[in-house]
Amino acid sequence: MTGLEHLALLGAGLGAGLLTSTVGVASLLSFPVLIALGIPPVVANASNTLGLIPGSLSGSFGYRRELREQPRIMWFVVATCAIGSVGGAALLLALPAEVFAVAVPWLILFTCLIVGVQPWISRWLQSRHDESHTLRPRTSMSPATTVFATLTGVYGGYFGAGAGVMMMAVLGLGLDLELRVINALKTIGLLAANLVAGVIFIFVAELNLTAVGLLAAGSVVGGYLGSHIGRRLPATLLRILVVLAGVIAAILMF
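Here the sequence shown is numbered in UniProt numbering, starting from 1 and rising by one per residue.
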C-alpha cells in the first residue's frame, strides 16, 4: 500500500470510530474504503470487524455513565450480541464469497428501511401505552426483544454495517429508555459482537493486518470522541444521517 492509502485507512478508522458511537453505521464508511483499495470482500469484512474493536471499546468507555444506569440490560445486550455473532461469523466463513457480495447492498438498504419506519412504529407503540394506564415503562428486555437482539448479533458477526442501527431500532422499540442510553447499549453490544467474531476471524479467516492496524489506530480515537457527540445528538438528525449514509453506501456497493 502507498502512503496515501495508509492515510485513507487511518481516516476511515477515525470516521468509523465516530460513527460507531453515534449513528451506528461505522462499516458503511470503512468497508467501502477497504473494497476500493482492492481487498477482497470477505477479507475486507473480517479485517474491518477486527480493526473496529478498539473504537467500540473506547466508545463504551466514553458511555460508562449511561451504562451504569442500566447494568442489567447492559449484560443482556452483551450476552445476546456475543452469542449471535458466533453464528454470524460462521455464516461468513461457510457461505461462498459471491453470496456475501450480492447480499451486502440489500442488507444495507434493509437497515435504512428499519431506521426510516421506526418513528411511526414508536408512535404506534406509544399510543397503545397511553391508552392503557396499567402499562408501566419497559425497563427490562422481553423475550421478543431478546430474540431480535440475538438476531442482530448474528447480523453483526456476518456483516457489521448497520448492525448498530438495527440494535438501536430493536432496543428503541422494546424499551422505554432515553436515546443516549440506547446509544450506549448499542455501542457496547457492537463491542461484544465484534470481539467474539474478531477472535474467530484471527484463527480461521484471512486478514489484511495492515488494514486492521490502521483502522484500529483511527477508530480508538474516533470511538471516544463519538461517545461525547452521541449523547447530545438529536434523534431526528441521527435518523436522517443514518438513512443518507446507508442509501449512498448501498448505491456505491451496487
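Every residue, glycine too, gets a C-beta built ideally from N, C-alpha and C.
Judging by CA-CA distance, which residue of the options is the nearest neighbour of residue i?
i           : options                : result
residue 271 : V77, L237, M74, G172   : Absent from the model: residue 271. The displayed extent of the chain is 1 to 254, so no value can be given.
V220        : R231, S56, L93         : S56
E178        : L244, E69, V117        : E69
Y63         : S21, T145, Y155        : S21
E206        : V77, P143, L7, P41     : P41
F148        : T2, I83, I248          : I83
F76         : F159, N194, N48, S140  : S140
residue 291 : V154, I251, V33        : With the chain covering only 1 through 254, there is no way to say anything about residue 291.
G88         : T49, R65, L67          : T49
T145        : G157, I248, D176, F159 : D176
T150        : L9, G11, V86, I251     : V86
V23         : L244, I251, F254       : L244
G198        : P71, G51, C112, R65    : G51
V99         : P71, Y158, P234        : Y158
Please state whether DSSP places residue i in a helix, a strand or coil.
i           : result
T236        : helix
F110        : helix
G153        : helix
N208        : coil
C2          : Sequence check: residue 2 is Thr here, not Cys. T2: coil per DSSP, three-state reduction.
P40         : coil
F254        : coil
R231        : coil
residue 283 : No statement about residue 283 is possible, as the shown extent of the chain runs from 1 to 254 and does not include it.
L18         : helix
E178        : coil
V243        : helix
M74         : helix
M167        : helix
V25         : coil
S47         : helix
S56         : helix
T80         : helix
Y63         : coil
T145        : helix
S140        : coil
P96         : coil
Spatial neighbours of residue i within its chain, please: CB distance less than 8 Å, with the 5 preceding and 5 following residues excluded, ordered by chain position.
i    : result
V204 : L93
L14  : G218, S219, V221, G222
E5   : L37
Using C-beta distances below 6 Å, list every residue in its chain close to residue i, excluding the 5 sequence neighbours before and after it, in chain order.
i    : result
S60  : T187, I188, L191
M167 : T152, K186, G189
R231 : R180
S227 : S21, G59, G62, Y63
S47  : L207, N208, A211, V212
L67  : M74, A184
P54  : A216, S219, V220
Cutting at 7 Å between CB atoms, please list the residues of its own chain near residue i, excluding the five before and the five after it.
i   : result
V33 : A8, L9, A12
Does the count of Cβ pairs from the stretch 211-224 and the stretch 99-110 closer than 8 Å reach three? Contact annotation: the stretch 211-224 does not touch the stretch 99-110, with fewer than three C-beta pairs closer than 8 Å.
For the pair the stretch 11-31 and the stretch 160-170, tell me if three or more CB-CB distances fall below 8 Å. yes
Kindly confirm or deny that the stretch 30-37 and the stretch 222-242 touch, where touching means at least three C-beta pairs closer than 8 Å. no
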